[in-house]
Structure formats: structure tokens, C-alpha cells
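Below you'll find the structure, written out as C-alpha cells, and then a few comments.
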Ligand code: SAH
Ligand code: SF4
Ligand code: F3S
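Residue numbers (my numbering): 176 to 648.
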């Protein structure tokens, strides 16, 4: 079977969109997004399809179509979603023709599908991340009273992953100057704690020419900040005949004409190469930000996690990145309390964090996911011990973030004015090249423009600055 959804199948979806649009008179739709940027990117495509179907987008759960685009990575994320879905019983009672769809990563879990079928009967359909391109067909089916759609892409409630790439879906971007562009889907890594590979299928890379064409299109549309997405962008191209690897793809992207920055996430340390870091260093168009999740500083835990690198391998990459890009912003993900983590293992994580001095960290307490290998591992540490470790890690990182942020004070940096802010007197937000958040005052017409900003204050989480129109960039 081809790696791509055929043009004929996509044409059928377009026909379904037209048929829905023909019977639509001002109905509304809401896509509620949880989880990572990959889900944000998928939601923008679902919104694109809804707009083509004549829906007016809102952010109210009273909308005629409500799609919950869900995350399954940790248990509390799932519980939150069940709460949200439970609440929709009331909106559906008020508006019995309301269409409720559960989409995203939870849609790929057999246990979730069962629970929805059993206890959340007001949900009309469940889609997973590999089948949401069929949204038009699903909505048309529901409108025409075809109940079979609720089991789309499943056999006896078990997902048969589509595992193909759908090109050419319409897109409705939330922020016009920012684009999420997936370069690949799925994951082959099977880190032992992680459920994502079971839900998003195996790695499949888009054609480089399709990606570069999309970059050109968004830049022509005025996009200034483009993030290339994949669970592990560094394995881009390994599943294709195409010669291009991720560094090659970045190079192609950097040659597109226009004023914009390219970012990417996520990189797996085991596949992060010197060539990638050299490519970043060579092109000013590639943002000086590397999100390189380390997960733990203990080699013993890294092995149990099936991460396939050691703390020292990781530190070598960091040292090289800093050597070729002294101004690089480094961020990471860390899991505290992986099964069997001892105080000594955890101390090694603290040591690594202290050595790297990340600009910021995303920290998580381990959450057991049924079906993953780690779920069967002995986990003697108590929840109290884990949260105590978690707090120590956050405390250490806060000190480091504050120190890193303070280094910006007095400097003038080029930022992209991002949107409207909510922090006291500061009505705008901006992002530095490395992705740090800046609060400032200024005219709303600056949103979407690159501006020099002099940094005047720093906090643990963000910077404060003022427009520095007369300063040198
Ligand atoms: N593909 C990316 C992101 C995966 S999910 C990567 O490899 O980095 C984002 C983060 O969630 C992971 O980096 C990890 O730190 C965290 N995570 C994943 N599964 C988890 C679990 N079971 N419990 C706690 N955190 C988890
Ligand atoms: Fe999960 Fe690991 Fe894949 Fe990231 S690389 S999605 S953490 S299995
Ligand atoms: Fe969550 Fe799925 Fe992303 S599980 S973190 S939304 S890949």
C-alpha cells in the first residue's frame, strides 16, 4: 500500500466538505486542543476543514460541532478530558443536534474507545490521529444519520492505524504569523514510559518537496515563525527513498526567500548529529533554540527508559552545540520518579541540570501508562518522595532560569512581536530568536513584526523590555 492517502480519497473528502457546506447556514464549530504542538498542528487542519464546510469557528462548547483533540501522554491529561466530555452532556441536552467528536491521541486507545462507547453515549464519533483527515466524511455521515461512522477506522473497537500521510488538507492558523508544519508523523523509539508510539503509529516522513512548498506558501502568507514538527525530527527521511535527512531539510528550508525563522522539535539525543548542529550554526534563519529532552541524568535509568544514550553522550552534544553557537537557548524534558529511580539516580539528574544550565525545563512526574513496558516495572518510591524530588528539581531550575534571564538585562535583542499580553501594564508579548518570552508595551499594529527590544527586567519565566527603535539590532 502506498505511504500516501490517494488523491482520489482526498477528492472524496473535498466532495464531502462541499456537501456539508451546501446544507450549512451559519452553524458554529469549536476545536478544543490539549497536548503538544503536534496536536495544535492537527487542530489547525481540522479547523481548516470545518471552515471549508461552512462552519464559523468559536471557542464555546455550545457550538454545533465540538471536537476535543486529546492528549494521552499522562494520566491526569486524560482525566481532564473525561471531565470535559462529561460536561458536554449538558450542551447536547440543550442542542440535541450538536455533534461531539473525540479526536487526537486518546482516540487511538482501545480502552478509551470502550469507555466512550459504554459511558459517554453523547459522543458521536471517535477519530485517532491517523484518521482525522476523514473528518468531512464523518461529519457528513453524522448529519445524514449514518451511525456507522462512530467506528471509523476500527475493527471491533480496535484501531487499525491508517499509517499513511494525507497531503493537501486545508489549514486555519490560529496565529497568522506562526505556522506548525509536520515533517513526519509517528514514532519508532518506544521509550519504555511512553504511550505515543502506540497511538501515533510508526514513523513516516513527508516528501521534502511537499514540506518546502508548504514553507514557501506560509512565508508568502506572511508567516514569520515556522516550527517543523515531529516526535523525533532527527529520524526524518529514514523511511523514504528520498536522500534528504533532517539537516538537509533544514538547509532547504533556510534557502526559502523571505523574512522568517525556522524552529524544530523534538530532537532525540540519540539521533542528534554534529551535522545538524553545524547546519543550525551555519544559517541565521534557523532559530538558536534546541529542545533536547534528556529525561534523566542517570545512565541506569536512561537504559531502563530505552533512551539509547548516556549522560556523557548527551553532555558531549551540549558542549558541541555551545561551542558552535555560544548564544544557543537550550531546553529539555525531564521525568522525575521513573520506576526504580533512587535518590542517587535523581542526584545525577540534578548534577546534569546544574552542568547544562538549561534556559528552561519541562518537568513531569512519571505517570504510569498501561501497555507500556515501564508499567510492569517495580516502582517502590512513594508519591511523596517523588513530589519532593520534583520540587527540588524545580527549585534548582528556577535559580538557573533566573540567572540565565538576568544575563539579558541591558541587551537589545531582535524579537518577533507575538500577540497581546496580559501582564499588568504590558500589552504585548514577543519572542526572542531563542524563543524566550518578553513582555512589553507598544501598539497592537506591531504584532507579527520583528522589532528590537531592550531588556529591562528578568523573572524566572520571562523577560520584560521596551521597544528600542533607535538602538542597533
Ligand atoms: N517525542 C518527544 C515528546 C514526547 S511527549 C520526545 O521524545 O521528547 C513529551 C514529554 O512528555 C516527554 O519528553 C516526556 O518527558 C514526557 N512523558 C512522556 N511519557 C510520560 C509519562 N508516562 N510520564 C511522565 N512524563 C511523560
Ligand atoms: Fe515517546 Fe520516546 Fe517517541 Fe518521544 S521519542 S514520542 S518520548 S517514545
Ligand atoms: Fe499528547 Fe499525543 Fe502530543 S499523547 S503529548 S498530544 S503526541
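Glycine included, each C-beta is placed from N, C-alpha and C at the ideal position.
- For residue 628 and residue 463, the gap between their C-alpha atoms comes out near 17 Å.
- Counting along the chain, the unbroken alpha helix (DSSP H) around residue 566 starts and ends at 558–581.
- Annotation for residue 189: the continuous alpha helix (DSSP H) segment containing it runs 182–197.
- Residue pairing of residue 358 in beta bridges, as defined by DSSP: absent, with no partner found.
- Around the Cβ of residue 620, a 10 Å sphere holds fewer than 16 other Cβ atoms; the residue is exposed.
- The beta carbon of residue 350 is closer than 8 Å to those of 593, 594 in its chain, skipping five residues each way along the sequence.
- When beta bridges are read from the DSSP output, residue 262 appears opposite no residue.
- The closest heavy atom of ligand 3 lies 7 Å or more from the beta carbon of residue 366.
- Around the C-beta of residue 565, 16 or more other C-beta atoms lie within 10 Å, and the residue is accordingly described as buried.
- With contact defined as three or more Cβ pairs closer than 8 Å, the segment 217–234 and the segment 249–268 are not in contact.
- Judged by DSSP secondary structure, residue 214 falls within the alpha helix (DSSP H) whose first and last residues are 212–227.
- DSSP places residue 413 outside both helix and strand once states are collapsed to three, so it counts as coil.
- When the beta-carbon positions are compared, residue 338 and residue 379 come within less than 8 Å of each other.
- For residue 234, same chain residues with a beta-carbon under 7 Å away, outside a window of 5 residues either side, are 205 in chain order.
- Exclusion of the five residues before and after residue 415 leaves 380 as the residues of its chain whose Cβ lies within less than 6 Å of its Cβ.
- By the CB criterion at 8 Å, residue 408 and residue 401 fall outside the cutoff.
- Residue pairing by DSSP places residue 589 opposite 627 in a beta bridge.
- The beta carbons of residue 543 and residue 550 sit closer together than 8 Å.
- For residue 448, the closest C-alpha among the options 430, 491, 477, 516 is that of 491.
- For a cut-off of 8 Å, the C-beta gap from residue 538 to residue 569 is around 6 Å, short enough to register as a contact.
- Note that the C-beta distance between residue 604 and residue 596 is below 8 Å.
- Only residues of its own chain outside the window of five on either side were considered, and among them 490 have a CB closer than 8 Å to the CB of residue 530, listed in chain order.
- Separation of the CB atoms of residue 194 and residue 374 is rounded to 30 Å, and the pair is thereby denied contact status at 8 Å.
- Between the alpha carbons of residue 518 and residue 366 lies a distance of about 22 Å.
- Shortest gap from the CB of residue 406 to any heavy atom of ligand 1: under 7 Å.
- In this structure, residue 504 sits away from residue 456, with a CB-CB distance that is not shorter than 8 Å.
- Annotation: residue 546 is outside any beta strand (DSSP E) and is labelled neither H nor E by DSSP.
- In this structure residue 477 does not touch residue 525 by the C-beta definition: roughly 15 Å separates them, more than the 8 Å allowed.
- Distances from the CB of residue 374 to the heavy atoms of ligand 3 include at least one below 7 Å.
- Residue pairing by DSSP puts residue 633 in a beta bridge opposite 638.
- DSSP, reduced to helix, strand and coil, places residue 439 within a strand of the structure shown.
- DSSP places residue 247 in the coil class of the three-state scheme, outside both helix and strand.
- Counting C-beta pairs closer than 8 Å gives fewer than three between the segment 355–369 and the segment 634–647, which falls short of the contact rule.
- Excluding residues up to 5 positions away in sequence, 339 lie with their Cβ nearer than 8 Å to the Cβ of residue 177 in the same chain.
- Going by beta carbons, residue 259 and residue 282 fall outside the 8 Å limit.
- In this structure, DSSP gives residue 596 an extended state, which the three-state scheme calls strand.
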